[in-house]
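To convert, note that position 189 of the sequence shown is 190 in our numbering; the numbers rise steadily by one, no gaps. Single-structure report; data block below.
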Amino acid sequence: IARYEPNDISVALAENHFEQMFTTAEEEDNESQNNPDPGPVPDELLYVPGFINEVMQYTLSTAPYPEPVLAFAGALALQAFLAGRKVRDAMDNRTNLYIISLANSGVGKDHARKVNARILFEAGLANGLGISFASGEGIEDRLFAQPVTLFQVDEFDSLLLRVSQARDARYEQIVSILLQMYSAASSLYVMRARANRDRTVIDQPCLCLFGTAVPKSFYESLSPRLLTNGFLARFLILESRKRGVGGDTTEQPIPESVLDTAHWWANFRPKGSRNLTNWHPVPHSVPQNDAAESVFRDIREQTDTEYSQCEEANDPIGMAVWARAYEKARRLALLYAVSECCDDPLITAEAAIWAGMFVEHQTKRMLYMAKRYAHESEFDNKRKRLIEVLTQWHRQHGDEWMPFWRINR
């Protein structure tokens with residue numbers, strides 16, 4: 002402003018410009034207060050007794066750089082796949098989950114995928130693995146041939162970035178089919194019509210997704226539509242911590258208890274299915290005790306309250322995410338029960354409490370990260386980047402002013 006003569010127009014423009022800057026900063030500060038950062042997932046929430054914990058411990062003991070969050074996410078995805086189309090709860094919730102593990106390069110995102118692949122190979126279930134999908138038609142065809150599939154996808158943020166940029170319609174179709182598959186796990190999925198055959202259906206498809214990505218790249222790749230149409234709300238986002246301390250790991254055999262449980266799930270056939278297990282299974286209904294029912298009632302009331310508050314605040318992202326929170330809690334409690342005891346599972350109060358705490362923490366963390374990094378435009382992206390730079394400066398230097406040449410740099 003000092004380069005120009007101070008006339009009325011330049012002064013008015015400058016005042017308007019700074020007024021907008023300060024208003025934006027105030028809005029950003031209010032938004033942070035409404036969506037506080039709960040921090041990384043606590044260690045106590047990374048424990049599920051039985052099979053999930055055994056797989057997690059084996060993953061950590063064989064990893065070059067052990068990372069508990071990545072190991073837990075992989076074990077949770079494996080259990081979700083093994084129980085697919087075989088169990089359900091009283092509300093007909095199934096075990097299919099979409100899990101994304103976020104970690105920086107070099108943390109060891111691939112080790113949990115390797116462990117899952119090895120366990121499934123030993124159990125004779127390797128044909129249920131997938132490593133990527135290039136089109137929505139490919140997902141449909143794979144689920145038609147293999148109704149229970151675990152996709153382990155690396156660099157999942159690259160897929161979302163292509164969707165956000167909307168340069169290829171096939172990526173839009175991937176998102177649409179993932180949305181539908183998640184909700185069709187307890188019903189029928191109608192496949193696309195093709196010229197050389199009648200339209201067919203997939204009975205109770207169980208698509209489990211275990212993806213990995215870099216934290217900042219993942220959230221920056223989310224477009225406003227993906228944040229509000231229920232796509233992000235269907236995911237469990239787990240963020241790793243700092244890179245673990247490396248060690249000299251040696252090849253270790255998979256524990257017999259893990260292999261025995263994996264073989265048990267591979268051979269388990271729900272009684273109601275009879276000889277139609279592969280076409281129309283009737284999953285075993287896992288009961289819940291009265292204490293668990295009371296906990297679920299509290300979880301539902303809490304999530305409904307959060308949804309109402311977001312609705313009053315005209316917050317479509319919060320509404321979309323909280324709308325799926327109760328459903329995710331039910332699915333996680335079901336997985337807790339079958340992990341604890343596969344042959345006679347029971348959803349207890351402990352399972353429901355863990356699931357409720359886990360979902361509450363992850364939902365708040367997802368909202369905080371999404372509203373911090375996701376952007377509506379390139380200008381919005383630069384604006385949030387500037388606020389991030391100033392925030393980092395404030396942490397290091399307190400109320401000292403940041404030189405303008407540093408901001409430019």
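Ideal Cβ placement from N, Cα and C applies to all residues, glycine included. All values derive from a computational prediction rather than experimental measurement.
- For the pair residue 109 and residue 59, the Cα-to-Cα distance works out to about 15 Å.
- Look at the region 161–236 and you find these whole runs of alpha helix (DSSP H), each 4 residues long or longer: 170–184, 216–221 and 225–229.
- Counting C-beta pairs closer than 8 Å gives fewer than three between the region 71–89 and the region 360–372, which falls short of the contact rule.
- When the Cα atoms are used, residue 344 and residue 391 turn out to be separated by approximately 55 Å.
- Here residue 366 has 39 as same chain residues with Cβ atoms under 6 Å from its own Cβ, once five neighbours each way along the sequence are excluded.
- Judged by their CB atoms, residue 145 and residue 203 are nearer to each other than the 8 Å cut-off.
- In this structure, the alpha-carbon of residue 159 lies about 27 Å from that of residue 393.
- For residue 289, the secondary structure class from DSSP, reduced to helix, strand or coil, is strand.
- Contact between residue 237 and residue 100 is confirmed by a C-beta separation of about 5 Å, below the 8 Å threshold.
- Secondary structure at residue 410: coil, using DSSP grouped into helix, strand and coil.
- Counted as a single uninterrupted DSSP element, the alpha helix (DSSP H) harbouring residue 59 occupies residues 52–63.
- The DSSP assignment places complete alpha helix (DSSP H) segments of no fewer than 4 residues inside the region 56–117 at 69–83, in order along the chain.
- For residue 360, the three-state secondary structure derived from DSSP is helix.
- Taking each of 311, 319, 53 and 213 in turn and checking the Cα distance to residue 234, the smallest one comes out for 319.
- Looking at the DSSP output, residue 153 shares a beta bridge with 211.
- Cβ neighbours of residue 174 within its own chain (closer than 8 Å, five residues either side excluded): 136, 137 and 138.
- Under DSSP, residue 131 forms a beta bridge with 152.
- CA-CA distance, residue 150 to residue 399, rounds to 51 Å.
- With a contact defined as Cβ atoms closer than 8 Å, residue 208 and residue 182 qualify at about 4 Å.
- In this structure, residue 330 sits away from residue 293, with a CB-CB distance that is not shorter than 8 Å.
- With contact defined as three or more Cβ pairs closer than 8 Å, the region 260–268 and the region 89–98 are not in contact.
- Take the alpha-carbon of residue 95 and the one of residue 188: they are about 10 Å apart.
- If you look at residue 327, you'll find it in the alpha helix (DSSP H) that goes 326–341.
- Closest in alpha carbon position to residue 73, among 215, 338, 49 and 105, is 49.
- Among the bridge pairs identified by DSSP, residue 354 is matched with none.
- About 7 Å separates the beta carbon of residue 336 from that of residue 77, a gap short enough to meet the 8 Å contact definition.
- By the Cβ neighbour-count rule, residue 253 is exposed, with fewer than 16 other Cβ atoms within 10 Å of its own.
- Within the DSSP bridge table, the entry for residue 240 names 103 as partners.
- Between the C-alpha atoms of residue 120 and residue 410 there is a straight-line separation of about 50 Å.
- Looking from the CA of residue 357, the closest CA among 315, 299 and 218 belongs to 299.
- Excluding sequence positions up to five before and after residue 102, its CB lies within less than 7 Å of the CB of 70, 71, 74, 110, 213, 239 and 241, all in the same chain and listed in chain order.
- One Cα belongs to residue 143, the other to residue 221, and the distance between them is close to 30 Å.
- In this structure, residue 250 sits away from residue 364, with a CB-CB distance that is not shorter than 8 Å.
- The beta carbons of residue 307 and residue 323 sit closer together than 8 Å.
- Proximity to residue 112 across 125, 130, 67 and 97 peaks at 67, based on C-alpha coordinates.
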